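Heads up: the sequence shown runs through residues 1 to 189, numbered per full-length UniProt numbering.
Cβ atoms here follow ideal geometry from the backbone N, Cα and C, with glycine treated the same way.
Remember, it's a predicted structure, so these values are computed and weren't measured experimentally.
Below is one structure, written out as structure tokens; comments come after it.
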Amino acid sequence: MVSNVAVFASGGGSNFENLALRSRESGFDIKVLIVDSPDVFALKRAEKLNIPSIIIDRGAYSSKREFETAIREAVSGFNIDYIVLAGFMRILSAEFINAYKDRIINLHPSLLPSFKGRNGIEDAYNYGVKVTGVTVHYVDAGIDTGKIIEQSAVIIEEDDTLQSLEDKIHQAEYELYPEALKKVLDGRV
Ligand code: GAR
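So this is what it looks like as structure tokens:
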């Protein structure tokens, strides 16, 4: 059975595009891309991929509650099984998360529980760890605290720069995220 997915993004959308390209083999169908600003580059990728996109501009809402109500209304038309966060840089409220209990999945660019938050790659690089990586996890009411689904490690070599580390992390993400989603959809976690 193919699961219907909504992807949420706030940035470049390279993971969104990768998921779209790997969706068939992974058992899901991206029904809609939701972004939180009209400037999000992922919109251009959605257009190219012929995937519907909806802008729910955070700046147009005076409260988080109204913003999230608008997201729920947008998503409700698509018969969505899972919400997949791919570089979505907003903290969702407990109320929103409960409405999709165990059906929101996030990608984080570190080996959680280390280096939570917005700058997982840079924080690991600056700390000087020799191993970092990528985590796919369920979203709960905490920040980057939900149950871990899959992880993959990335070695930081002596000659890595922040840029080369970012590239390695993204490559690890492109492998891990579709595989981890497939595992969820197959009921293996
Ligand atoms: C990815 O590295 C993802 O792990 C990270 O944002 C990037 C999005 O890249 N997410 C977080 O930091 C969430 N806290 P993309 O827009 O090119 O897919």
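Below 7 Å, is the gap between the Cβ of residue i and the nearest heavy atom of ligand 1?
i, result
"His108", "yes"
"Ile83", "no"
"Ile149", "no"
"Arg118", "yes"
"Ile169", "yes"
"Gly11", "yes"
"Gly87", "yes"
"Phe16", "yes"
"Ala42", "yes"
"Glu173", "yes"
Nearest-angstrom Cα distance between residue i and residue j?
i, j, result
"Asp186", "Asp140", "21 Å"
"Asp102", "Ile143", "15 Å"
"Phe8", "Gly87", "8 Å"
"Ala180", "Glu66", "31 Å"
"Phe115", "Asp123", "6 Å"
"Ser110", "Leu33", "24 Å"
"Gly117", "Arg24", "31 Å"
"Asp167", "Tyr100", "32 Å"
"Ser164", "Asn79", "39 Å"
"Glu73", "Gly27", "25 Å"
"Met1", "Asn126", "44 Å"
"Asp36", "Gly13", "12 Å"
Beta-carbon separation of residue i and residue j under 8 Å?
i, j, result
"Arg45", "Arg90", "no"
"Ser177", "Asn15", "The identity of residue 177 in the sequence shown is Tyr, whereas the question assumes Ser. Yes, the pair counts as a contact, with Cβ atoms nearer than the cut-off."
"Ala70", "Tyr82", "no"
"Leu112", "Thr135", "yes"
"Ile51", "Pro38", "no"
"Val184", "Ile169", "no"
"His137", "Ile121", "no"
"residue 190", "Phe41", "Here the chain has residues from 1 to 189 only, and residue 190 is not among them."
"Ala20", "Leu49", "yes"
"Leu85", "Asn119", "no"
For a test of the three-state rule: what should DSSP assign to residue i, helix, strand or coil?
i, result
"Phe8", "strand"
"Glu166", "helix"
"Asp29", "strand"
"Ala141", "coil"
"Glu157", "coil"
"Ser152", "strand"
"Ser3", "strand"
Where are the beta strand (DSSP E) runs, 3 residues long or more, that stay fully inside the stretch 54 to 97, in chain order?
-> Along the length of the stretch 54 to 97, whole beta strand (DSSP E) runs at least 3 residues long occupy 82 to 85, reported in chain order.
Completely contained beta strand (DSSP E) runs for the stretch 95 to 137, where each covers 3 or more residues = The qualifying runs are 104 to 108.
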